[in-house]
Structures are given as structure tokens and as C-alpha cells.
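Quick notes on the structure that follows.
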Amino acid sequence: MNFQQQKFCLLIASIFSIFTTNIVQAIPQGGKTVIVNGTTNNGSKLGYVEGSARISGWENVREFQYVLISKDGIKVNTAYTPWCRYGKVQLDPRAIPSSDKDVHGFFDNDIKRTVGWLISDMASYGETSIFIKADSLASKNLLKIVCASTLY
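Here the sequence shown stands for residues 0 to 151, where the numbers follow numbering that gives the first Met the number 0.
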């Protein structure tokens, strides 16, 4: 192996080491992350934190954690979706308030029409929530996994 090949191998090993260290630090303790098939519209990868899906305190809404792996780094988000029912990606009408009051920063009519999830991270986004539309292969597959893991 010549000097250029050695430098290249060292570079690849360093990148891999940094990448895997960041993933391990980002995943909640004890959680395994399953990288879902496909990418987001901007080329990022998504991973589902196994065992994180549950019925939230917010009635009938599924709460889950996922990992976003983008060119900017790795981030773990806690998300909320009303789009799981009976193990499938479909709107659970019990999860949406009947009034027009806003839900985590979004009016329920917006959530009713668009498959996706809300993330709320005070440190990153302030007091507002961010709505993530499930319109890519990765985001659709992530919701399928979340819904299948919470059959109610």
C-alpha cells in the first residue's frame, strides 16, 4: 500500500469513527436505531429509535423518537403524529380535538389533511412546533414503522 492509499484509508477510518461516535451519542440510552429505507427530499436518512413509539399523554397521539442524519450532522427528535390507527398509516380521528384550537402550534385542520408529524424542540425552534410532511420515501417508511409498532 503506497502513502496515498494509506492516507485515504486513514481518512475513511477517521470519518467512520466520528460518524459512529455521533450516532451513539445521539441515540437515547438503550435504544437501537433502525435506518429506514429511502431518503428524504433533501437526501437525508432517517432512523427509528426502536421501542420509542407509544401513546402520548396527548390523547391517542403516537409519540416516537427518530434520528435525522443529514449533511449538517445527526439529530434525535421526539415527534408526535395522529396518523397511526390499527397499525397502519391512517388518521386517528380521536387524536384531533373537535374544536379549532391549535395543537402544538398547528391548527387541527392542517394536520387532518397532511400525513406527517410534529416536532417540538424548545432549544432549536423556540416555542413553536415544526410540522414534517411525510412526502418522501424515508418519511413514509418511518411512519409505517412507527404505526406498526403501536397497533392501537
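Ideal Cβ positions, reconstructed from N, Cα and C, are used throughout, including at glycine.
- Item | Check whether residue 94 and residue 60 have beta carbons under 8 Å apart | Looking up residue 94 in the sequence shown gives position 95. Looking up residue 60 in the sequence shown gives position 61. The answer is yes: Cβ separation under 8 Å.
- Message: residue 51 and residue 79 - do their beta-carbons sit closer together than 8 Å?
- Response: The residue labelled residue 79 in the question sits at position 80 within the sequence shown. The residue labelled residue 51 in the question sits at position 52 within the sequence shown. No. Outside cutoff.
- Collapsed DSSP secondary structure at residue 55 in the structure displayed: In the sequence shown, residue 55 corresponds to position 56, counting from 1. It is coil, neither helix nor strand.
- What's the call for residue 85, buried or exposed, on a 16-neighbour Cβ count within 10 Å? On the sequence shown, position 86 is the one that residue 85 refers to. Counting Cβ neighbours within 10 Å, residue 85 comes out exposed, since fewer than 16 surround it.
- Item | Three-way DSSP call (helix, strand, coil) for residue 70 in this model | Position 71 of the sequence shown holds residue 70. Coil at residue 70, not helix or strand.
- Message: Alpha carbons only, please: which of 119, 128, 115 and 130 is nearest the one belonging to residue 141?
- Response: Taking the first residue of the sequence shown as 1, we reach residue 141 at position 142. The shortest C-alpha separation from residue 141 is found at 115.
- Message: Per DSSP, what are the beta-bridge partners of residue 116 in this structure?
- Response: If you number the sequence shown from 1, residue 116 lands on position 117. For residue 116, which the question treats as bridged, DSSP gives the partners 131.
- Three-way DSSP call (helix, strand, coil) for residue 111 in this model: Residue mapping note: residue 111 aligns to position 112 of the sequence shown, counting from 1. Correct three-state label for residue 111: helix.
- Does the distance from the CB of residue 32 to the CB of residue 66 come in under 8 Å? One-based indexing of the sequence shown puts residue 32 at position 33. One-based indexing of the sequence shown puts residue 66 at position 67. Closer than 8 Å, so yes.
- Item | 8 Å Cβ cutoff met for residue 128 and residue 135 | Taking the sequence shown and counting its residues from 1, one reaches residue 128 at position 129. Taking the sequence shown and counting its residues from 1, one reaches residue 135 at position 136. Cβ atoms of residue 128 and residue 135: not closer than 8 Å.
- Message: Looking only at its chain, what residues have a beta carbon closer than 7 Å to the beta carbon of residue 149, apart from the 5 residues adjacent to it on each side?
- Response: Within the sequence shown, numbered from 1, the residue matching residue 149 stands at position 150. Taken in chain order, the residues that qualify are 52, 53, 54, 61 and 83.
- Look at residue 46 and residue 34 and say whether their C-beta atoms are less than 8 Å apart. Along the sequence shown, read from residue 1 onward, the residue named residue 46 stands at position 47. Along the sequence shown, read from residue 1 onward, the residue named residue 34 stands at position 35. In this structure, residue 34 lies closer than 8 Å to residue 46 by Cβ.
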